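Per this note's numbering, residue 8 is the first one in the sequence shown, and the count goes up by one each step. Data first, discussion second: the structure below is written as structure tokens.
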Amino acid sequence: MLWKRYGRLVRQPFRIRLLLWACLVTVLLCGVSQAGELASSVRGPFSGKKILWVDSYHSDYEWSASIEKGLRLALYESGVELKIFHMDTKRHLDEDFHRQAGRRAKQIIEEYRPDLVIASDDNAQKHLVVPYLRGRNLPVVFCGVNRDPVEYGYPCQNVTGMREVNFADALTGAMRDFAGGERIGMLAGNTETMRIVNDHYRQVFGDRLTVYTVRTWAEFKEAFLQAQHEVDILCLRNNAAIQDWEDAAAEIFLAEQTRIPTGSINPWMKKFVIFNLASFPEEQGSFAATAALRILAGTRPEEIPVTQNRRAHLTVNLKMAQAAGVLLPVSLLETAEVIGQEALQK
């Protein structure tokens, strides 16, 4: 009965957009939890080579942890020794802290003397690569960068990498079929990344966009309730920098208070929104490691074109859909990963 009811309510514009969604949806082919530690004691074609990965964030941030999985899978049995430095700039928002983290990364490079540096996300570019490494002899591969790489002077003779693009445009376009209007809201923690992507969103959506940035769970709840009346579609970008956030409490609150279509482009946010069209952070790590091995084998960084991520995965959450009174078409339920079915059994 559920499938038939959803099927009758599908509208023709969504069928067209669904084809675009389906083109983006992929399945992660394999996990990396058993990849193991990489060390110089492992013999391989690059035994004796050293890579330093400078991560802008912290080890238990899901984005960074997934990039690491991609790195380790691509480097597995290569013989490369991998050293990691987390700048921790997601939890520490002070610009002074960011600059000090960049100087500390530079010091580690001088002490460790890696053959190549992988630098992930924007703060590693801003506070390490651009001031200390760009245009020098040490090869650098970047990944997870939100700004246009040209703004950092990339590519150049010793730097190449992968830009991070998200699927917010496609996501909000498809969500309009379930919305009562065209007004779009973006809600997330107040971070440098949000400030970067909000500039892009304002260019795309113009006056239709309202941005809500918060620092605490209390501020998030207030902004979320406010958005239910001010916008027609709400994207929850990230919870990483929101103080006092607890997943269980957030899921209960959102299941009770969601009244408009909600979505996200980060995979760990899927239990909090109706629609999730997420990129794979592992793709960033895999590309960076693969490019690094090519460079260690003799390819010049400038010979590897700067690229961007292409893979995505679609999830729909029936619990949050029920809260908002959104009925999902059978074609979408058959295409996407479906979660939150327990809400239909109550």
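Cβ coordinates follow ideal geometry from the N, Cα and C atoms, glycine included. Please read these numbers as outputs of a predicted model, since none were measured by experiment.
Three-way DSSP call (helix, strand, coil) for residue i in this model
i           : result
residue 304 : coil
residue 203 : helix
residue 250 : strand
residue 161 : coil
residue 172 : coil
residue 56  : coil
residue 62  : strand
residue 333 : coil
residue 212 : helix
residue 137 : helix
residue 32  : Only weak support is given to the placement of residue 32: the predicted model assigns it a pLDDT of 42, under 50, and the value that follows is read from those uncertain coordinates. Reduced to three states, the DSSP call for residue 32 is strand.
residue 188 : coil
residue 149 : strand
residue 85  : coil
residue 51  : coil
Inter-residue spacing [alpha-carbon to alpha-carbon] between residue i and residue j
i           : j           : result
residue 245 : residue 195 : 5 Å
residue 131 : residue 63  : 5 Å
residue 200 : residue 129 : 7 Å
residue 116 : residue 160 : 21 Å
residue 291 : residue 77  : 7 Å
residue 109 : residue 307 : 25 Å
residue 311 : residue 162 : 9 Å
residue 265 : residue 94  : 35 Å
residue 419 : residue 204 : Lying outside 8 to 353, the shown extent of the chain, residue 419 is not represented and no answer is given.
residue 268 : residue 80  : 36 Å
residue 344 : residue 178 : 15 Å
residue 125 : residue 295 : 7 Å
residue 206 : residue 242 : 15 Å
residue 102 : residue 138 : 15 Å
The alpha helix (DSSP H) enclosing residue i, as first and last residue numbers
i           : result
residue 103 : 102-119
residue 77  : 69-82
Anticipated Cβ contact below 8 Å, residue i with residue j, distance rounded
i           : j           : result
residue 287 : residue 320 : 7 Å
residue 227 : residue 249 : 5 Å
Local Cβ density within 10 Å of residue i, reported as buried at 16 or more and exposed below that
i           : result
residue 247 : buried
residue 144 : exposed
residue 300 : buried
residue 66  : exposed
residue 225 : exposed
residue 256 : exposed
residue 154 : buried
residue 213 : exposed
residue 339 : buried
Terminal residues of the beta strand (DSSP E) in which residue i lies
i           : result
residue 89  : 88-93
residue 236 : Here residue 236 belongs to no beta strand (DSSP E); instead the alpha helix (DSSP H) covers 224-237.
residue 319 : 319-324
residue 144 : Unbroken run through residue 144: none, as it is neither H nor E.
residue 269 : 269-271
residue 243 : 240-243
residue 282 : 282-286
residue 126 : 123-127
residue 346 : 344-346
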